[in-house]
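Going letter by letter, the sequence shown gives residues 775 to 916 in our numbering.
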Amino acid sequence: MEDVKILDEIATIKAIAHPLRIRIIEEFGGKAYTAKQIADKMKESPAKIYYHIIEMEAVGILRLVRTVENSGILEKYYEPVARYFKISKELLSNDKELSLLIVLVHSLNSNREEISVYKIQHMRNSGIDCEIRRNDGKLLDK
775 MEDVKILDEI
785 ATIKAIAHPL
795 RIRIIEEFGG
805 KAYTAKQIAD
815 KMKESPAKIY
825 YHIIEMEAVG
835 ILRLVRTVEN
845 SGILEKYYEP
855 VARYFKISKE
865 LLSNDKELSL
875 LIVLVHSLNS
885 NREEISVYKI
895 QHMRNSGIDC
905 EIRRNDGKLL
915 DK
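Laid out in C-alpha cells, this is it:
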C-alpha cells in the first residue's frame with residue numbers, strides 16, 4: 775500500500791467523494807477485507823458495499839489483493855491503494871463542484887471536527903453559504 779495517492783482525474787475524485795465510500799475506505803484501516811466483512815462492520819447490506827467497492831476498484835482507489843476459496847465460495851479481499859488521498863495541484867481551481875469534492879477527499883485525512891471546520895471555511899471561501907451543526911445540535915462556526 776502506498777502512503778499517498780495523488781488523484782489526477784476528475785472521475786476518480788468523484789468516485790471517492792461519496793459519503794458511504796469515504797466510510798468504506800475508513801473501515802479498511804490499512805487491512806484487507808472482503809465486501810461482506812466491511813458490510814458487517816458497517817451494518818450495511820453486502821450487495822450495497824460490494825457495488826461501491828467495485829466502483830472504487832474500477833477507478834484505482836481500491837485493489838483486489840487476494841482471492842480465497844471458502845466452502846466453494848470465492849472471497850475477494852480488497853484494500854485501499856494508499857493510506858492518504860490528495861488531489862493533484864493541476865486540478866485545483868475555483869470551480870465550486872471541485873471545491874466540494876476537495877472537502878470530501880480532505881475528510882479521508884482528518885478527524886470529524888477538523889473536517890467540519892474545514893468544510894465551513896472552504897465552502898465559504900468558495901462563495902457557498904453554509905452552517906454545520908455538531909451532533910448535540912450546537913452550531914459549529916469557526
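Glycine included, each C-beta is placed from N, C-alpha and C at the ideal position.
Helix, strand or coil for T841, going by three-state DSSP, please let me know.
As a working mapping, residue 841 is identified with position 67 in the sequence shown. Three-state result, T841: strand.
Helix or strand or just coil, what does DSSP make of D782?
As a first step, residue 782 is located in the sequence shown; it is residue number 8 there, counting from the start. Here D782 sits in coil by DSSP.
By Cβ distance, which residues of its chain are closer than 7 Å to A856, with the 5 residues on each side in sequence left out?
Within the sequence shown, numbered from 1, the residue matching residue 856 stands at position 82. Correct list, in chain order: M775, E776, D777, V778 and K779.
Kindly give me the distance between the Cβ atoms of E829 and V839, rounded to whole angstroms, as I take these residues to be in contact under 8 Å.
For this step, residue 829 is matched to residue 55 along the sequence shown. For this step, residue 839 is matched to residue 65 along the sequence shown. With a Cβ gap of about 18 Å, E829 and V839 do not count as contacting.
Looking only at C-alpha atoms, which of K817, G804 and A791 sits nearest to R837?
Here residue 837 is taken as the residue at index 63 of the sequence shown, counted from 1. R837 has its Cα closest to that of G804, out of K817, G804 and A791.
In terms of alpha-carbon separation, which member of I796, I835 and I861 lies closest to M816?
As a working mapping, residue 816 is identified with position 42 in the sequence shown. For the residues I796, I835 and I861, the minimum Cα distance to M816 belongs to I796.
If the criterion is Cβ atoms closer than 8 Å, does the pair A785 and I835 meet it?
Residue 785 sits at position 11 when you count from the first residue of the sequence shown. Residue 835 sits at position 61 when you count from the first residue of the sequence shown. Going by C-beta atoms, A785 is not nearer than 8 Å to I835.
The alpha helix (DSSP H) spanning A809 covers which residue range?
Working through the sequence shown from its first residue, we reach residue 809 at position 35. Taken as a continuous stretch (DSSP letters only), the alpha helix (DSSP H) holding A809 covers A809 to M816.
Ordered along the chain, which non-local residues of its own chain (more than five positions away) have a Cβ less than 7 Å from that of E888?
In the sequence shown, residue 888 corresponds to position 114, counting from 1. Confidence in E888 is poor, its pLDDT being 48 and thus under 50, which makes the residue's placement unreliable; the coordinate value appears in the next sentence. So no residue of the chain qualifies.
Tell me the rounded alpha-carbon separation between A821 and I861.
As a first step, residue 821 is located in the sequence shown; it is residue number 47 there, counting from the start. As a first step, residue 861 is located in the sequence shown; it is residue number 87 there, counting from the start. The straight-line gap from Cα to Cα measures roughly 29 Å.
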